[in-house]
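Report on the structure given below.
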Amino acid sequence: MPHLPLVSIMGIVNVTPDSFSDGGRFLDPDAALDQASELIAAGASVIDVGGESTRPGAAPVGEQEELDRVVPVIEAIASRFDVTVSIDTRKPAVMRAAIDAGAHWINDVEALRAPGALQIAAKLDVPVCLMHMQGTPGTMQQAPHYDDVVTDVETFLSERVRACDDAGISRSHIILDPGFGFGKTLAHNTALFRALPRLASLGFPLLVGVSRKRMLGELLDAEAAADRVLGGAVAAVLAVQYGARIIRTHDVKETVQAMQILQAFAPTA
Ligand code: 9MG
0 MPHLPLVSIM GIVNVTPDSF SDGGRFLDPD AALDQASELI AAGASVIDVG
50 GESTRPGAAP VGEQEELDRV VPVIEAIASR FDVTVSIDTR KPAVMRAAID
100 AGAHWINDVE ALRAPGALQI AAKLDVPVCL MHMQGTPGTM QQAPHYDDVV
150 TDVETFLSER VRACDDAGIS RSHIILDPGF GFGKTLAHNT ALFRALPRLA
200 SLGFPLLVGV SRKRMLGELL DAEAAADRVL GGAVAAVLAV QYGARIIRTH
250 DVKETVQAMQ ILQAFAPTA
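In numbering that gives the first Met the number 0, the protein residues as written are 0 to 268.
So this is what it looks like as structure tokens:
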């Protein structure tokens with residue numbers, strides 16, 4: 000597996016029937032495990048397991064259904080591979096069950112705003128990614144609006160860090176994420192991307208996820224997910240140059256190769 004000293008690559012395993020680029024493919028736990036195995040072999044050091052789609056327009060999933068989807072997959076990955084497993088969920092009960100099943104991180108697109116989420120995260124005492132989202136997945140792309148998207152997202156993330164402080168979550172556990180595509184137009188996403196250095200200066204590891212997203216499709220006039228892979232790898236390189244430390248992607252092999260080239264040619268002094 001390639002060694003990438005500066006960057007962690009987070010590979011995506013969606014155990015859902017409707018995620019936007021791989022929906023339904025990994026609902027079977029064995030298929031999800033095979034997918035994780037492939038991502039790890041390609042160089043992922045983190046595997047993000049999600050049982051509720053957060054693509055634009057997605058309907059929420061019940062707690063039991065989400066548990067039934069993710070727990071067996073997390074148990075299987077954590078028991079077979081020496082890899083960090085992240086649980087992509089908004090629900091406190093799923094956070095707890097996932098960590099009990101062997102997951103190591105929480106990835107919450109709602110930044111621990113669900114009732115009880117802050118308290119559970121504090122109790123579990125694990126790293127947590129706080130992501131910005133305007134609205135909910137069901138409606139977030141209908142009419143996103145900001146006074147100033149960069150300041151609004153920065154303020155939101157800073158407020159969530161303070162909420163974590165108040166709940167007793169260690170700052171050393173916090174990862175921040177501007178949430179590309181979550182209640183944002185292409186202009187919002189572009190402004191935020193250019194502002195990654197400013198967001199990195201908040202002093203927390205930054206996670207960036209643009210893999211296969213609509214913003215790439217719009218920029219490249221590419222409808223098919225497969226036609227967004229190269230754009231995603233280029234964006235990942237830029238994100239790292241702008242201060243990102245974790246890249247969340249479906250396309251681990253291509254992203255790792257892009258990072259290898261970046262690191263080979265980066266200034267040494
Ligand atoms: C679950 N999920 C989908 N897109 C994401 C992104 O950009 N960041 C994080 N943290 N999670 C995401």
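Backbone N, C-alpha and C fix where the C-beta goes; we use that ideal spot for every residue, glycine too. Quick caveat: nothing in here was measured; it's all calculated off a predicted structure.
Member of the options whose CA lies at the smallest distance from the CA of residue i
i: residue 124; options: 139, 94 and 135; result: 94
i: residue 91; options: 62, 76 and 221; result: 62
i: residue 73; options: 53, 225, 16 and 29; result: 29
i: residue 154; options: 201, 37, 105 and 127; result: 201
i: residue 75; options: 35, 56, 41 and 66; result: 35
i: residue 146; options: 183, 140 and 158; result: 183
i: residue 70; options: 50, 43, 129 and 247; result: 50
i: residue 149; options: 106, 193 and 209; result: 193
Span separating the alpha-carbon of residue i from that of residue j
i: residue 32; j: residue 211; result: 21 Å
i: residue 144; j: residue 80; result: 42 Å
i: residue 275; j: residue 219; result: One cannot answer for residue 275 here, as it falls past the ends of the chain, which runs 0 to 268.
i: residue 179; j: residue 156; result: 14 Å
i: residue 181; j: residue 134; result: 8 Å
i: residue 237; j: residue 244; result: 11 Å
i: residue 131; j: residue 78; result: 31 Å
i: residue 261; j: residue 255; result: 10 Å
i: residue 11; j: residue 205; result: 17 Å
i: residue 250; j: residue 167; result: 35 Å
i: residue 141; j: residue 13; result: 24 Å
i: residue 259; j: residue 207; result: 18 Å
i: residue 188; j: residue 214; result: 7 Å
i: residue 225; j: residue 257; result: 17 Å
i: residue 66; j: residue 59; result: 13 Å
i: residue 253; j: residue 228; result: 8 Å
i: residue 38; j: residue 232; result: 15 Å
i: residue 88; j: residue 118; result: 15 Å
i: residue 198; j: residue 177; result: 8 Å
i: residue 41; j: residue 139; result: 33 Å
i: residue 57; j: residue 169; result: 32 Å
i: residue 265; j: residue 9; result: 22 Å
i: residue 164; j: residue 97; result: 23 Å
Cβ of residue i within 8 Å of any chain D Cβ
i: residue 204; result: Although the question refers to chain D, the structure presented lacks it and comprises just one protein chain.
Cross-strand partners of residue i (DSSP beta bridge)
i: residue 7; result: 245
i: residue 214; result: For residue 214, which the question treats as bridged, DSSP gives no partner whatsoever.
i: residue 105; result: 86 and 127
i: residue 119; result: DSSP lists no partner for residue 119.
i: residue 13; result: 49
i: residue 176; result: 130
Cβ distance (whole Å) where residue i is taken to contact residue j below 8 Å
i: residue 191; j: residue 242; result: Actually they do not touch by this definition, with Cβ atoms about 13 Å apart.
i: residue 45; j: residue 82; result: 7 Å
i: residue 222; j: residue 216; result: 6 Å
i: residue 48; j: residue 85; result: 7 Å
i: residue 111; j: residue 120; result: 6 Å
i: residue 203; j: residue 175; result: 5 Å
i: residue 172; j: residue 114; result: That belief does not hold up - the Cβ atoms of residue 172 and residue 114 are roughly 20 Å apart, past 8 Å.
i: residue 136; j: residue 53; result: 5 Å
i: residue 235; j: residue 246; result: 5 Å
i: residue 129; j: residue 161; result: Their Cβ separation, rounded to whole angstroms, is 11 Å, which puts residue 129 and residue 161 out of contact at 8 Å.
Residue i CB to nearest heavy atom of ligand 2 below 7 Å
i: residue 238; result: The model depicted lacks ligand 2 and carries ligand 1 instead.
For ligand 1, which residues count as neighbours when the test is a C-beta closer than 6 Å to any heavy atom? 49, 53, 87, 106, 108, 128, 130, 176, 178, 179, 206, 208 and 247
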